[in-house]
Every structure is written in structure tokens, then in C-alpha cells.
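Quick note: the sequence shown uses UniProt numbering, first residue 1, plus one each step.
Even for Gly, the Cβ is constructed at its ideal location relative to N, Cα and C.
One structure is given here, and the rest of the page talks about it.
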Amino acid sequence: MAKLYVQAVPPPDLNRNTEWFMYPGVWTTYILILFFCWILVLSVFGCAPGTAWTLVNLGHFTITYHFFHWKKGTPFADDQGMYNTLTWWEQMDNGKQLTRNRKFLTAVPVVLYLIASHTTDYQHPMLFLNTLAVTVLVVAKLPNMHKLEPVREKLASAMSAREVIEMVLDLKPEVQRQVITLLYLWWSERCGVREGEKLRDGARLAQLINTYAVEWSSLKQAKASGDRSQPRRSWVPPPEDAVKINCDGAFNLNNRSGGWGFLIRVWDGGVIGSGYGKLDNVGEAFHTEIIACLQALQRAADLGIQKVILETDAAMVVQAVNSSDF
1 MAKLYVQAVP PPDLNRNTEW FMYPGVWTTY ILILFFCWIL VLSVFGCAPG
51 TAWTLVNLGH FTITYHFFHW KKGTPFADDQ GMYNTLTWWE QMDNGKQLTR
101 NRKFLTAVPV VLYLIASHTT DYQHPMLFLN TLAVTVLVVA KLPNMHKLEP
151 VREKLASAMS AREVIEMVLD LKPEVQRQVI TLLYLWWSER CGVREGEKLR
201 DGARLAQLIN TYAVEWSSLK QAKASGDRSQ PRRSWVPPPE DAVKINCDGA
251 FNLNNRSGGW GFLIRVWDGG VIGSGYGKLD NVGEAFHTEI IACLQALQRA
301 ADLGIQKVIL ETDAAMVVQA VNSSDF
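Now the structure itself:
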């Protein structure tokens, strides 16, 4: 049987919200935008060069702090909500710290601060405003602001398992989910390596932890809503040069059985492919979701389809398809 798939090297960043910063010339463009903003401020307000640099510095602080360190998630729906709890800065470079991009974005506000302070002769109140802006931005970029290191140190100081459990239960719900997910995946990874499985990359494992935590949070919110009406989601057609695959899986914990199904539709809603099946001896719900996705992609390959948009309610499936770690 001919091979329908080829193994390709995944791109360094699969997140559409941050991959634009990997493009060649982004650093130069970033600097040129700041320079032209300075010229624009000089032309419009007719102020002194130092005042113009201060306004550019404060504007840069306001915009980057909001979009890089305050706003969470992505504007794209195809990531299935896996980044809903992460800011842009936490998403960049898959969460890796001290990368070239992170160092560049940390150096920019420092350089702007030095230019603005020097051109205003370090006079008040310009010096105070510039210092406040650079301090907030640099502190927001520190690795410890985006890790659970204080929680880890607190748990490590516990003298018994009971004390650890009590500490975890006292954490905020969002942090609690992350810690429990970390412990679960940490143990699973350890058992897998002991059995000879490949050790996954630390950044990818951290992304898995955040993804699981988001999905469990969504499940809890759905249960808490009870019978209250939920906003109805309508099907969004794909572009005319692509097809959309909707797939789903079902899992019965009592007898370890499950099922899978999929639909392949074109831009006008017409169905060009479908399938379903029953599964026995299923390990978990994620297993059924993966089988549904694989069956759908296999059918799309049989039909000679080149461009597909995968839509599923399991963010882990999307991540598994885009990753080489599974």
C-alpha cells in the first residue's frame, strides 16, 4: 500500500498568534516603526526631541503591556482555546525563557528609556514617567513572573504528603488545576520513560499542562452552568479552496468502549465524506478523539484533498496533529 503521508519537520512555532515574530526582518521593522513614530510625534506636536521620545516610550509601554502582558488568548479559533490562560509573552517561543526574541523585546524598552531620559536631561517629571514605564515592562518580562516557582518552593518545604495536599487545596482554583495537572503528567512522563518511551521536550510538556488545565476548566464551567441555556455555535464554512473536517469521539468508562465519527464538508455545506465506527478496549477519551481525527484525515487523503481545516472540541487533538511528540 502506498504511503499517503510523509513525515515533515514541524515549524519552530505552531502558534499563529506569535509565529509572525519569527519572520525575517521583524526586529528591523520593529525599530523602524518606533523611529517613524518619533518623527510623526515631532511633526504633529512640534515638541522637543526629548519630549517626543518620552511620548513614544509611554505609547510603546501602553500598547505592549496591554497586548503582550495583559490580554490573554489568541484571536484565532483554530487553536481550540489552548492558549486562553496565557498572555502573548507567555505563548512566545512555546514558553521558553531567555530566547533571542525575548532578549530583544526586553532590550527595546531599556534602550527607549535611556534615549528618552538622556534627551530630556533627566528632568522631572519626564524621568519619573520613563522610569515607571521601563520598570513595569522589564518586571513583567522576568521569568519568575510566569512560573510557579514560589508554589514549587512552598510544596517542596512540606514535611508530609498530607501537608502537600492541604497546600494544594489552599491554592487559587486556576493555580490548583495547573499544579494537579503538572503532578499527573509528571508522574505519567516518569512512568513512560521508565518503560522506554521517548522523553518529551520540556516546553512541549509545559504546553500540554496548560492545555489540559484549560480543558478541565471548561468542563467544570459546563457542569456548573447546569441546564442554563448556552450560546449556540453555528458552523462556519471553510474557504472555497479548502474543506472542513468535523470529528468527535465518545468514551464509556464503565466498559472501556467508545466510538468515533466525522464529516467532511465544503464551503456550501455539502458533505463529501463521512464515517463512523465502534471501538473496544479504549484507554481514555483522548484515544477516541485521536482515532476520529486519523480516520477523517485518512478519508481526506483518499479523496485527494490537499487543504483541510480540522475542527474538534478537543484542543489536545489539534496539538497532537501539529506536533511530532505523539
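Residue environment, residue i, which counts as buried when at least 16 other CB atoms sit within 10 Å
i: Arg162; result: exposed
i: Cys191; result: exposed
i: Glu197; result: exposed
i: Asp241; result: exposed
i: Arg265; result: buried
i: Gly50; result: buried
i: His60; result: buried
i: Gly130; result: It should be pointed out that residue 130 corresponds to Asn in this sequence rather than to Gly. Result: buried.
i: Trp88; result: buried
i: Ser234; result: exposed
i: Asn15; result: buried
i: Ile115; result: buried
i: Met159; result: exposed
i: Cys293; result: buried
i: Thr28; result: exposed
i: Ser43; result: exposed
i: Ser117; result: buried
i: residue 327; result: For residue 327 there is no data in the structure shown, the boundaries of the chain being 1 and 326.
i: Leu142; result: exposed
Nearest candidate by alpha-carbon position, reference residue i, set the options
i: Leu105; options: Leu183, Leu208, Val193, Met22; result: Met22
i: Asn57; options: Trp38, His66, Ala48, Phe45; result: Trp38
i: Thr62; options: Ser43, Thr119, Ala140; result: Ala140
i: Tyr65; options: Thr135, Ala301, Asp170, Pro150; result: Thr135
i: Glu189; options: Leu171, Ile209, Asp170; result: Ile209
i: Val110; options: Leu297, Trp53, Leu253; result: Trp53
i: Val271; options: Leu303, Ile291, Leu253, Asn254; result: Leu303
i: residue 328; options: Leu55, Cys47, Ala48, Gly46; result: Residue coverage of the chain in this structure runs from 1 to 326, which leaves residue 328 outside it and unanswerable.
i: Trp70; options: Val164, Val193, Leu137; result: Leu137
i: Leu32; options: Leu98, Leu112, Phe45, Thr99; result: Leu112
i: Val108; options: Val193, Glu195, Tyr30, His124; result: Tyr30
i: His17; options: Phe68, Phe45, Pro24; result: The question names His, but residue 17 in the sequence shown is Asn. The residue with the shortest Cα to Cα distance from Asn17 is Phe68.
Close-in-space but distant-in-sequence residues of the same chain around residue i (CB under 6 Å, 5 per side omitted)
i: Thr312; result: Cys247
i: Trp267; result: Pro237, Pro238, Glu240
i: Ile309; result: Pro238, Ala242, Lys244
i: Tyr83; result: Gly73, Thr74, Gln91
i: Leu132; result: none
i: Pro125; result: none
Sequence-distant residues of its chain with Cβ nearer than 8 Å to residue i (five each side left out)
i: His287; result: Gly249, Phe251, Gly258, Leu279
i: Gln295; result: Cys247, Trp260, Phe262, Gly275, Gly277
i: Val179; result: Leu148, Val151, Leu155, Val168, Leu171
i: Glu284; result: Phe251
i: Leu185; result: Leu205, Leu208, Ile209, Tyr212
i: Ala2; result: Because Ala2 sits at a pLDDT of 41, beneath the cut-off of 50, its placement in the model cannot be relied upon, and the following sentence gives the value as read from the coordinates. None.
i: Cys47; result: Val41, Leu55
Where residue i falls: helix, strand or coil (DSSP)
i: Val282; result: coil
i: Val308; result: strand
i: Asp313; result: coil
i: His124; result: coil
i: Leu182; result: helix
i: Trp235; result: coil
i: Met167; result: helix
i: Lys198; result: coil
i: Met22; result: helix
i: Leu132; result: helix
i: Gln97; result: coil
i: Ser160; result: coil
i: Ala107; result: helix
i: Arg190; result: helix
i: Arg16; result: coil
i: Ala301; result: helix
Those residues which DSSP pairs with residue i across a bridge
i: Trp260; result: Gly249, Gly277
i: Pro154; result: First, the residue type needs correcting, since residue 154 is Lys and not Pro in the sequence shown. Bridge partners of Lys154: none, in fact.
i: Thr87; result: Lys72
i: Arg265; result: Lys244, Val271
Own chain residues within Cβ distance below 7 Å of residue i, not counting five before or after
i: Asn101; result: Phe21, Met92, Asp93
i: Arg256; result: Asn281, Val282
i: Lys307; result: Asp241, Ala242
Cβ-heavy atom distance, residue i to the ligand COA, below 6 Å
i: Leu183; result: The ligand content of the structure shown is nil, which means the ligand COA is not present either.
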